[in-house]
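**Q**
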Ligand SMILES: [Zn+2]
């Protein structure tokens, strides 16, 4: 360790460093008002520095000043406080002895993000660095039942737990302490502790997925006290929306919709996820769009899920058997191919679902006014039909100006969007509170 920093980091507690600009006068310029004062008032500058270190690895103060556009004096003060707080440390021995030429690294640089989810046919757990670079991926099939019906919730949780256990074991073997564990679920997440409800796989009643995983994966309970943040339960659609937002610079308000596992949506407002007061914003699947429609398993009549859920669309398209033998993902791919090939049965099934998705958008879009509706999953390949259904009944006010908004566009972030977005959110949670990264 560098001699310049070690003694000071031993002297100063995190709490003190967070509330006083102590030690600043020992390092470089001192008369920079923008970096004096409590660490908490410099979140934006601190975030710039931390983001550079996360993305580019150890950097000298001079490199940080150039990369962030902050002055050298500002960087000197900021890095001094972050070293005091234990967030940064010299990356190697300092040849000059004054500390200024020494590259600095994040104390938490070796930490990894663990993200897991249940995909169409398999459970997936990944390990990634704080930058989001994937370091490992573990998949476990989610077996269908003997009669071809989807896996039971217990079987799905077993697969998810097995994938998570492998990821945690890899992290331990490779001596990467875990920073964050995020579990993605298809339903809505509500309550404290968080539970999933209205999940196409787990059912409409609440399920304590994190509790179920703790019971299945002893390593999760072991690692939990050492995490930088409590394990997170997040809707898959919210994570996917975060990834899609990364593909749309300048767009702060978007609605993400998809229909692969169930029917799901997520709203980004002012650049941030909008969960609502109870976590129930964007409960798209249970919008009652069909007057006097059939009873949904949620107890309400005419929910969008009762006319646009993937298993229903596949069954009507005569692809239920295909899904049972080849898997849901392959069946949805086949459905899109058949619709494109003008297969009557596939087109009839799909266009009926698309009509109701368009109807739901006619209700939701005026409520939230997104700049873009991002269409994910297999719907992305058929986005023109959703666009047509949506625009079939729109106001003609303003010379048709309302008819052109919003843009309805196919998702761009790819099939890994939920994993990519979840890592992005975990990184944002960590960088928003730099003291979490103290070593
Ligand atoms: Zn419902």
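In the numbering used here, the protein residues as written are 419 to 857.
Think of the CB as a built atom: it goes at the ideal place given N, C-alpha and C, for glycine as much as any other residue.
The structure presented is a predicted model; accordingly, all values stated were derived computationally and were not measured.
(1) Could you check the C-alpha separation between residue 676 and residue 498 for me, to the nearest Å?
(2) Among the residues of its own chain, which have a CB less than 6 Å from the CB of residue 698, if the five just before and after it don't count?
(3) What whole-angstrom Cβ distance do residue 396 and residue 658 have, given they're in contact under 8 Å?
(4) Comparing the CB of residue 724 with every heavy atom of ligand 1, is any distance shorter than 8 Å?
(5) What residue range is occupied by the uninterrupted alpha helix (DSSP H) comprising residue 740?
(6) Could you check whether the Cβ of residue 397 sits closer than 8 Å to any heavy atom belonging to ligand 1?
(7) Under 8 Å from any heavy atom of ligand 1, does the C-beta of residue 715 make it?
(8) From the DSSP output, in three-state form, read off residue 847 for me.
(9) I need the DSSP call for residue 489, collapsed to helix, strand or coil.
(10) Checking 9 Å against the spacing of the C-beta atoms, do residue 660 and residue 691 come in under that value?
(11) Across which residues does DSSP place residue 674 in a beta bridge pair?
(12) Hey, how far is the Cα of residue 719 from the Cα of residue 663?
(13) Helix, strand or coil: how does DSSP classify residue 637 here?
(14) Name the residue from 569, 532, 540 whose alpha carbon lies nearest to the alpha carbon of residue 553.
(15) Of all the options 791, 583, 777, which has the alpha carbon lying nearest to the alpha carbon of residue 812?
(16) Using a Cβ-Cβ cutoff of less than 6 Å, which residues in the same chain neighbour residue 445 once the five nearest sequence positions on both sides are dropped?
(17) Within 10 Å of its beta-carbon, does residue 461 have 16 or more other beta-carbons around it, so buried, or fewer, so exposed?
(18) Quick check on residue 524: does DSSP put it in helix, strand or coil?
(19) Would the beta-carbon of residue 787 fall within 9 Å of that of residue 671?
(20) Residue range of the beta strand (DSSP E) that residue 544 falls in?
(21) Mark residue 696 as exposed unless 16 or more other C-beta atoms lie within 10 angstroms of its C-beta, in which case mark it buried.
(22) Whole-angstrom Cβ separation of residue 503 and residue 853, contact assumed at under 8 Å?
(23) Using C-beta distances below 7 Å, list every residue in its chain close to residue 858, excluding the 5 sequence neighbours before and after it, in chain order.
(24) Given 8 Å as the limit, is there contact between the region 812-826 and the region 834-842, that is, 3 or more CB pairs closer than that?
(25) Once you ignore the five residues that flank residue 826 on each side, which residues in its own chain have a CB closer than 8 Å to its CB?
(26) Report the three-state DSSP secondary structure of residue 827 (helix, strand or coil).
(27) Looking at C-beta atoms only, is the number of pairs between the region 709-716 and the region 616-636 that lie closer than 8 Å three or more?
(28) For residue 766, is the classification buried or exposed, using 16 other Cβ atoms within 10 angstroms of its Cβ as the cut-off for buried?
(29) From the DSSP output, read off the bridge partner residues of residue 557.
(30) Compute every distance between the C-beta of residue 534 and the non-hydrogen atoms of ligand 1, then say whether any falls below 8 Å.
(31) To which residues does DSSP link residue 532 through a beta bridge?
(32) What span of residues does the beta strand (DSSP E) with residue 507 cover, start to end?
(33) Cβ of residue 696 within 8 Å of any heavy atom in ligand 1?
(34) Can you name, in chain order, every residue of its own chain whose Cβ lies under 7 Å from the Cβ of residue 740, other than the five neighbours on each side?
(35) Keeping to the same chain, check which residues put their C-beta closer than 7 Å to that of residue 528; ignore five residues upstream and five downstream.
(36) With distances taken from CA atoms, which of 556, 536, 537, 510 is nearest residue 544?
**A** To lay it out plainly:
(1) Rounded to the nearest angstrom, the two C-alpha atoms are 47 Å apart.
(2) Excluding sequence neighbours, residue 698 sits near 606.
(3) One cannot answer for residue 396 here, as it falls past the ends of the chain, which runs 419 to 857.
(4) In this structure, residue 724 has its CB closer than 8 Å to one or more heavy atoms of ligand 1.
(5) Secondary structure note for residue 740: its alpha helix (DSSP H) is the uninterrupted segment 738-744.
(6) The structure shown does not extend to residue 397, since the chain spans only 419 to 857, so no value can be given for it.
(7) Ligand 1 approaches residue 715 closely enough that one of its heavy atoms is under 8 Å from the residue's Cβ.
(8) Here residue 847 sits in helix by DSSP.
(9) Note: residue 489 maps to coil in three-state DSSP.
(10) In contact: residue 660 and residue 691 (Cβ atoms closer than 9 Å).
(11) 684, 792.
(12) Between residue 719 and residue 663, the C-alpha separation is close to 33 Å.
(13) Residue 637: helix per DSSP, three-state reduction.
(14) For residue 553, the closest C-alpha among the options 569, 532, 540 is that of 532.
(15) Closest option to residue 812, judged by alpha-carbon separation, among 791, 583, 777: 777.
(16) With a pLDDT of only 36 at residue 445, under the threshold of 50, the placement of this residue in the model should not be trusted; the figure read from the coordinates follows. So the qualifying residues of the chain are 494, 498.
(17) Per the 10 Å Cβ criterion, exposed.
(18) The answer is strand: DSSP assigns residue 524 an E or B state.
(19) Yes, the pair counts as a contact, with Cβ atoms nearer than the cut-off.
(20) Where residue 544 is concerned, the enclosing beta strand (DSSP E) starts and stops at 540-547.
(21) Exposed, by the Cβ-count rule.
(22) Confirmed, about 6 Å.
(23) The chain is shown from 419 up to 857; residue 858 falls before or after that span and cannot be answered.
(24) As far as the Cβ criterion goes, the region 812-826 does not touch the region 834-842, which means the pair count is below three.
(25) Excluding positions up to five away in sequence, the list reads 779, 790, 791, 793, 801, 804, 805, 808.
(26) Note: residue 827 maps to strand in three-state DSSP.
(27) Short answer: they touch.
(28) Sixteen is the threshold: since fewer than 16 other Cβ atoms of the shown chains lie within 10 Å of the Cβ of residue 766, the residue is exposed.
(29) According to DSSP, residue 557 bridges with 542.
(30) Of the heavy atoms belonging to ligand 1, none sits nearer than 8 Å to the Cβ of residue 534.
(31) DSSP, once it has assigned bridges, lists 545, 599 as partnering residue 532.
(32) Counting along the chain, the beta strand (DSSP E) containing residue 507 begins and ends at 506-508.
(33) Not so, every heavy atom of ligand 1 lies at least 8 Å from the Cβ.
(34) Once the five neighbours on either side are set aside, the close Cβ partners of residue 740 are 749, 752.
(35) Cβ neighbours of residue 528 beyond the five flanking positions: 594, 595.
(36) Residue 556 is the option with its Cα nearest to residue 544.
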